[in-house]
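The structure appears below as structure tokens.
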């Protein structure tokens, strides 16, 4: 998928929303649990109900691996289903893989050849070697973990370098932008502190950011968009549990769609507000 | 598995060797490729041929995921086979996972509940949250990526902190040793520069190190053991391709066993040499 196609989706749907599908068996409605393929069926219904409001779907591999090879098989089937039904929607494997060159090649094979994902999230701790194999695939993307939004993100990411005074996460954005341009590389940029997105935009003005953690304290949608948008929009806002678990009863897909629609409308409103401010 | 059981294996076999099983279809002998379960059959034959010389086996998930859910199924079968046949051998999932708390829980479930691994390698970039869920399992281990031995390891791992002058990889060893003691936590410590193991031993005198990259220039087995051993031995030397691909013909298992035996003998010799030096 090209950056142009992503921007077309954004403009057509007036949305930056990505729905993250993280199925935990204990939280699925019983009508879904009591089927042959609960993970697939849950995901399929969420996708069919929300696709109008989203520009991306994100499947986190952890939630499929936890159910063994049958879980992995459902991950494959769900990815194939999404790509077949909604080829214009950007499909992300949230796998956070990161290994040395010859192993990283095999991960690229898994997500880009065995499965039809458009993008994979990767962990930069082992450096450039992790990213290179993914960049060889035409029309595919790598999304590098830059700044995460979890409580212990600071342990390593906020170590400050001697001399340059750069933080480790800033190094990741800088190096990542050297490894691949805005047509191949995106970054995870957690919204825990919206003002940090401003720092990040200085380093990577042109790359897309995948932003989790919106609506946490200190990360209102308006702040996040104000600090993070660029001339290509440049942001994908990813929301998982607060959409997919809006209801745990049989109306889960309807409720998820309502919630996704609310997020899309809030994004549309803020996009307009910010555009008007610029005029 | 307890640290005592690992030490018993070391003393009984006079070995620190771990064989890494990274099956790449193109490199497997045709007799294996032309079976229903090539990855499993290759792994099984390697395991049966080399188990006398090793204290650990390591399966890298990348090499199974690359072949889809059938690959994952063979990973499960191979792990189950090894644990059933050789329960005293330490079984490592080289998965390099690393995600936020609620996703990390699912990875722990995958490797410790769905599969019988004793240990999983994890990536510390997201901090303590990654490690916590794995520590909750009695008798299981987490192996934190500290210093890797790939060419781009330096990109992030050798960033030096303002004030403390610590390198990022040193922080990982220090924090990791706070997160879990030597009965729960090990570290990957690449042998690219054997003298670095000395630095690492100052920070984590008691923890086990999983050491890839031995026999690279600047990382002779003798140097690595001299700098890395502690009172509990404290080292697992992991070798993959130079053992499992000793031959790509039908004699691959016999040749792998010969190579593993050579490594075991070299380890035994060096262990004796170093012990004598101490007397």
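Chains as they are written, first to last, in the working numbering: chain A, 1 to 279; chain B, 1001 to 1279. For every residue, glycine included, the Cβ atom is placed at its ideal position computed from N, Cα and C.
Would you say residue i reaches chain B, if we count a Cβ-Cβ gap shorter than 8 Å as a contact?
i              : result
residue 177(A) : no
residue 37(A)  : no
residue 41(A)  : no
residue 63(A)  : yes
residue 161(A) : yes
residue 127(A) : yes
residue 68(A)  : yes
residue 172(A) : yes
residue 141(A) : no
residue 116(A) : no
residue 103(A) : yes
residue 206(A) : no
residue 192(A) : no
residue 155(A) : yes
Does any residue of chain E bring its CB to less than 8 Å from the CB of residue i?
i              : result
residue 109(A) : Reference to chain E is not applicable here, since the protein chains of this structure are A and B.
Is the shortest distance between the beta-carbon of residue i and the beta-carbons of chain A less than 8 Å?
i               : result
residue 1242(B) : no
residue 1096(B) : yes
residue 1258(B) : no
residue 1100(B) : yes
residue 1026(B) : no
residue 1133(B) : no
residue 1145(B) : yes
residue 1011(B) : no
residue 1168(B) : yes
residue 1151(B) : yes
residue 1148(B) : yes
residue 1199(B) : no
residue 1076(B) : yes
residue 1073(B) : yes
residue 1209(B) : no
residue 1106(B) : yes
residue 1124(B) : yes
residue 1059(B) : no
residue 1225(B) : no
residue 1277(B) : no
What does residue i pair with, by DSSP beta-bridge criteria?
i               : result
residue 1020(B) : 1058(B)
residue 92(A)   : 58(A) and 119(A)
residue 235(A)  : 209(A)
residue 277(A)  : Per DSSP, none; premise fails for residue 277(A).
residue 230(A)  : 233(A)
residue 97(A)   : 122(A)
Starting from residue i, trace the alpha helix (DSSP H) in both directions and tell me its first and last residue.
i               : result
residue 1078(B) : 1068–1085
residue 1245(B) : No alpha helix (DSSP H) contains residue 1245(B), which DSSP labels as neither H nor E.
residue 1034(B) : No alpha helix (DSSP H) contains residue 1034(B), which DSSP labels as neither H nor E.
residue 1004(B) : 1003–1013
Problem - Ranges of the alpha helix (DSSP H) found wholly within the region 130–218 of chain A, counting only runs of at least 4 - result: Restricted to the region 130–218 of chain A, the alpha helix (DSSP H) segments that are unbroken, complete and at least 4 residues in length are 154–157, 168–179 and 196–203, listed in chain order.
Practice task
Specify whether the region 243–251 of chain A and the region 188–204 of chain A touch according to this definition: at least 3 beta carbon pairs, one from each stretch, less than 8 Å apart.
Solution key: The answer is no - the region 188–204 of chain A does not touch the region 243–251 of chain A, with fewer than three Cβ pairs under 8 Å.
Practice task
Pair every Cβ in the region 224–241 of chain A with every Cβ in the region 8–25 of chain A, then say whether three or more of these pairs are closer than 8 Å.
Solution key: For the pair of segments examined, the region 224–241 of chain A was found to touch the region 8–25 of chain A: the number of CB pairs separated by less than 8 Å reaches three.
Practice task
Kindly confirm or deny that the region 1002–1018 of chain B and the region 74–81 of chain A touch, where touching means at least three C-beta pairs closer than 8 Å.
Solution key: No, the region 1002–1018 of chain B is not in contact with the region 74–81 of chain A.
Practice task
Spell out a yes or no on whether the region 61–70 of chain A and the region 1024–1036 of chain B are touching, meaning 3 or more CB-CB pairs, one atom from each, closer than 8 Å.
Solution key: Output reads no: the region 1024–1036 of chain B does not touch the region 61–70 of chain A.
Practice task
Would you be able to state if there are at least three C-beta pairs under 8 Å between the region 1223–1237 of chain B and the region 1202–1212 of chain B?
Solution key: Segments in contact, yes.
Problem - Any 3 or more C-beta pairs closer than 8 Å across the region 1153–1170 of chain B and the region 1131–1139 of chain B - result: Contact between the region 1153–1170 of chain B and the region 1131–1139 of chain B is absent, with fewer than three C-beta pairs closer than 8 Å.
Practice task
Could you tell me whether the region 1083–1101 of chain B touches the region 1114–1125 of chain B, where touching means 3 or more Cβ pairs closer than 8 Å?
Solution key: Under the three-pair Cβ rule at 8 Å, the region 1083–1101 of chain B counts as touching the region 1114–1125 of chain B.
Practice task
Would you be able to state if there are at least three C-beta pairs under 8 Å between the region 158–169 of chain A and the region 1138–1151 of chain B?
Solution key: The region 1138–1151 of chain B and the region 158–169 of chain A do not touch, with fewer than 3 CB-CB distances between them shorter than 8 Å.
Practice task
Indicate whether the contact test is met: 3 or more Cβ pairs, each with one atom in the region 77–87 of chain A and one in the region 34–51 of chain A, closer than 8 Å.
Solution key: Pairwise C-beta distances place the region 77–87 of chain A in contact with the region 34–51 of chain A, as three or more of them are shorter than 8 Å.
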